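Going down the list, the sequences are from chains H and G. When the letters of the first sequence are read in order and numbered with my numbering, they come out as residues 1 to 672. When the letters of the second sequence are read in order and numbered with my numbering, they come out as residues 1001 to 1222. Ideal placement from N, C-alpha and C gives every residue a C-beta, glycine not left out. Keep in mind it's a predicted model, so treat the numbers as computed, not measured. Okay, structure first, notes after.
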Amino acid sequence: MPKVTVDGVELEVPAGATVLQACELAGKEIPRFCYHERLSIAGNCRMCLVEVKPGPPKPQASCALPAAEGQEIRTDSEMVKKAREGVMEFLLINHPLDCPICDQGGECDLQDQSVAYGRGGSRYHEHKRAVTEKYMGPLIKTMMTRCIHCTRCVRFSEEIAGVDEIGALYRGESTQISTYLEQAAKHEMSANVIDLCPVGALTSRPYAFEARPWELKKTLGIDVSDAVGANIRIDSRGREVLRILPRVNDDVNEEWISDKARYMVDGLVKRRLDKPYLRRDGKLVAVSWNEAFQAIATLNPGNSIAAVAGDMLDCETMFAAKKLVGALGSSLLEGRQTGMDYDTSSLAAVNFNTTFSGLETADAILIVGSHVRWEAPLVNTRLRKAVKRGAKVFLIGPEWETTFGGEFLGEDLSVISNLPNHVWETIRDAKRPAIILGGAALGRGGLEAALSVGEQIGVVRELEDGTTWNGFNVLHMAAARMGGLMLGYAQKGGLADIVAAKPKVLLSLGADEVDYTKFADSMIVYIGHHGDKGAHAADVILPAAAYTEKAGTYVNTEGRVQWADKAVFAPGDAREDWSILRALADAFGVGLGFDSFEELRNAMIAEVPALGIEGLADYGSVLPAGGGSASGLIAYPVKDFYMTNPIARASATMQQCSAELLHGEEIAEAAE
Amino acid sequence: MADRYIEPDTPELRARWGNFAWTEANAAKAKEIVARYPEGRQRSAVMPLLDLAQRQVGAEENTQGWLPIPVMEYVAAYLDMPIIRVVEVATFYTMYNIAPIGRFHVQVCGTTPCMLRGSDDIIAACKKRGMKAGHITGDGMWSFTEVECMGNCASAPMVQINDDNYEDLTPERLDVVLDALAKGETPKAGTQEPGRHTVEPVGEPTNLAAMITENHDYRGEW
């Protein structure tokens, strides 16, 4: 723990800290462009110069200088001020002064720092460099003349994404950042370079020229495109969500989000259900809310009613539906739309127990039936970190392009029970073994077989430091899954039980992956926001709110309870889901026991207290014994990363990504 | 330097170089080069291998050699490294040619010592033969680049042609060298000054003259 003095204030900094970090601990702001906490240190922008004694009598780059005992650091001296002005002047030599037409304007590091640390005026009268625009795919818009060569994007794609595709070509003044042969950046996290870019060189293509940051209302939300529950900031203007940015949460998404989470927002204004519909003579006809409820009141289901929850639901909606179904005397609830029927008697057995940050410390990882890169790109980055620390990874399932190496053992579930010797020995002898089960491995006995492997290797154990390590993980794909399981949205036989019960009325809560042909005899009441598969099969459509249009509680695959706020109002006649269910109760002539969102949330917390506490829900660390054997070829459920939910399917950006990045079609660039 | 650009990736280029592979001799050399680096650090061999590939292309084309995109891809695949990292190296170092090049690549030093000793005349002599930057003469013989200091200031002005330096030039001496090269002869590399062998002083040494005959101690005179 070296002691350093920053601007006359003595403080102790952690061993291994840099001078820049020491200054930050002392509360001093150090301007920087290339330095980023989560990337390797490059030290090439020179903006973080400070004066350090002892040392050479010149300013030093604080980001790359280790803090050492007895250092006297000055961030406020004349030397530092002059150095910053000089560096800024050099950076601005080739930077165009096109801030008025630059999308980064208002949230630009270069703009802010040149105001704060630069000279008052320019002394430069020569020609500026110009660089041709580079194509980086449908998401990233480039204006490479603005690039200051901080190489954050290069380091991100190499270190975090694990896909080397951006590089710095040529040298000196001619340096250009480009992808190889200007091919599109092809990974699921590519758009994070837009946030990383400290200038306007890489900006968002779908969001180009849409708004200025100060016009936007910022709402804190939770992403529902996968079960990671990434923390997001929803930027909206008026009634429209314009963009989504990641929030920092080291436990969940660090500060990244997947491209789908970021760019499916334009789907929120397409194919929306903004009026109630009734099916009359086989055709859906727009009606008023009154007509819709009158029609529903005549259904008279008695206790023959069931609810199927979609993948993007908040807990409040599921709880309200549960109450409604319960008030009518039924308990038919299911959330696993594709018919999975794994045992949910112990939630610890279907939870991501290591937590995402804990996964980084695992030293042997067995992944069964999960295409992690597509099912949870943010978990993939954690796996990559674990491997960088020396973890060995083995995978069972069809091969996919991992970004962390790993050994594929076979495509059949039966491999779980017949692990090759070297694999068995590695995970048995590991200090922190982890098993990750994907959706494709949960059924057909996979969960039980994996639990039995877990028991044999002692996947739950006391670590040397006295903490409990539970390395058994299930990686879900639906944002609503863990919340649904906590609220009891699971039948013993899965969806098949609901089919067998032949309910007179089926409440479909945004369930778009269900095979509705099995419910030919039921009246299907669809409460959702997009005209997707569920709405096509519905007899009554009640337009509801998407995840940006309602407050809600979400539980991610770790069992982490998180709350999201409402950013905008739902379009047209659409209403928040809970109020629709409350009105349905009146139509059915039953009471639910709440009349406001607060009462609903309180009732929910009273029933499931864990949903009232932000953070990890405690499912205990006792896993059921498991046993038996599994067999069957593994087929990953996600066939197209960009098309996994109704919002993404409605999004023009996601459609373009899918066509261009996954299906290789040449999409002519729209004339700009 | 700003006029360096990668030769565009066209179907013709792919057709010509798509099936590039080491010759037998170069395959052995490549193996030996890779073996110089520790296990797992093979990509350190990227620079010598790019040079080898450039020379093989040159031997095939009877030019100085250059690196078409498919050849860079071949090297990347050979070393199992991302292609963008290979392209970064190839574009950074100017000794890798990333666009087609002539039989002889005339690199004239134009930095201060050479300029003072008449590199402008040397450049003019090159231009007279139709050479200009980023261009191959019609007969495919000459490519021209003005470069910065090549470290031959004691025998300025100089040019580097393919692997050899020609120093102490005048326009006339350069013409002799270029004519000889054009005829397929191998002119003497190094200084072109008659009677000079390397970069030893011309005539009597003028500095540290007292050191010629004995180990003179200058310290008293400082």
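Asked                                                                                                                    : Found
Check whether I1083 of chain G and A1090 of chain G have beta carbons under 7 Å apart                                    : no
Interface partners of A42 of chain H on chain C, CB under 7 Å                                                            : Going by chain labels, chain C is absent from the structure shown, which instead holds the protein chains H and G.
Bridge-paired residues (DSSP) for L633 of chain H                                                                        : H:D412
T1145 of chain G at chain H interface by Cβ criterion, 7 Å                                                               : no
CB contact flag (K28 of chain H, T75 of chain H, <7 Å)                                                                   : yes
Proximal residues of chain G, C-beta to C-beta of Y554 of chain H below 7 Å                                              : Going along chain G, no residue has its Cβ under 7 Å from Y554 of chain H, so there is no contact; the nearest lies around 37 Å.
Chain-ordered neighbours of G167 of chain H on chain G, where CB pairs are closer than 7 Å                               : I1084, R1085, V1087, E1088
Below-7 Å beta-carbon distance, D1051 of chain G vs any chain H residue                                                  : no
Proximity to G200 of chain H [Cα-Cα], best of H:H187, H:A185, H:K141                                                     : H:K141
Assigned exposure category for E672 of chain H - 16 Cβ within 10 Å defines buried                                        : Caution is warranted here: a pLDDT of 40 is assigned to E672 of chain H, below 50, making its placement in the model unreliable, and no coordinate value can be reported.
Alpha helix (DSSP H) runs wholly inside the stretch 1022 to 1066 of chain G, at least 4 long, in chain order             : 1024 to 1035, 1046 to 1061
Against chain G: residues of the stretch 166 to 189 of chain H by CB proximity under 8 Å                                 : I166, G167, A168, L169, Y170, R171, G172, E173, S174, T179, Y180, L181
Reduced DSSP category for H1197 of chain G - H, G, I as helix; E, B as strand; rest coil                                 : coil
Whether I457 of chain H touches P420 of chain H by CB criterion (7 Å)                                                    : no
Alpha helix (DSSP H) segments (min. 4 residues) lying fully within the stretch 557 to 615 of chain H                     : 577 to 588, 597 to 607
Completely contained beta strand (DSSP E) runs for the stretch 14 to 49 of chain H, where each covers 3 or more residues : none
Simplified DSSP assignment, three categories, for C1109 of chain G                                                       : strand
Within the stretch 422 to 464 of chain H, ranges of the beta strand (DSSP E) (whole runs, at least 3 residues)           : 433 to 438, 460 to 462
Short CB-CB distance (under 7 Å) between A1002 of chain G and chain H                                                    : Residue placement at A1002 of chain G cannot be trusted, given a pLDDT of 49 that sits under 50; what the coordinates show is reported in the next sentence. Yes, contact with chain H.
Span separating the alpha-carbon of M1001 of chain G from that of L39 of chain H                                         : With a pLDDT of 42 at M1001 of chain G, under the threshold of 50, the modelled position of this residue cannot be trusted; read the value that follows with caution. Approximately 30 Å between the Cα atoms of the pair.
Per-residue burial, H1135 of chain G [other beta carbons within 10 Å of its own, 16 or more giving buried]               : exposed
Segments of 4+ residues assigned as alpha helix (DSSP H) that fall wholly inside the stretch 135 to 211 of chain H       : 152 to 155, 192 to 196
Where D1080 of chain G meets chain H, residues with beta-carbon distance less than 8 Å                                   : Within 8 Å Cβ-Cβ: nothing; D1080 of chain G doesn't reach chain H, min ~12 Å.
Interface partners of T1091 of chain G on chain H, CB under 7 Å                                                          : L169, Y170
Classification of E669 of chain H by the beta-carbon crowding that lies within 10 angstroms, buried from 16 upward       : With a pLDDT of 49 at E669 of chain H, under the threshold of 50, the modelled position of that residue is not reliable, and the figure given next carries that caveat. With fewer than 16 other Cβ atoms within 10 Å, it is exposed.
K504 of chain H: CB within 6 Å of a non-hydrogen atom of the ligand SAM                                                  : Although the ligand SAM was asked about, the structure shown includes no ligands whatsoever.
Distance between P609 of chain H and F156 of chain H (C-alpha atoms, nearest Å)                                          : 40 Å
DSSP-derived helix/strand/coil call for A617 of chain H                                                                  : coil
Local conformation of E1007 of chain G per DSSP, three classes                                                           : coil
Chain H residues whose Cβ lies nearer than 7 Å to that of D1009 of chain G                                               : L181
According to DSSP, residues forming a beta bridge with G1190 of chain G                                                  : G:Y1166
Identity of the residue in H:G121, H:L97, H:G229 nearest L378 of chain H by Cα                                           : H:G229
Endpoints, alpha helix (DSSP H) assigned at D112 of chain H                                                              : 109 to 117
Cutoff 7 Å: D164 of chain H Cβ touching any chain G Cβ                                                                   : yes
R237 of chain H: first and last residue of the uninterrupted beta strand (DSSP E) it sits in                             : 231 to 237
Three-state class that DSSP yields for H530 of chain H in the structure shown                                            : strand
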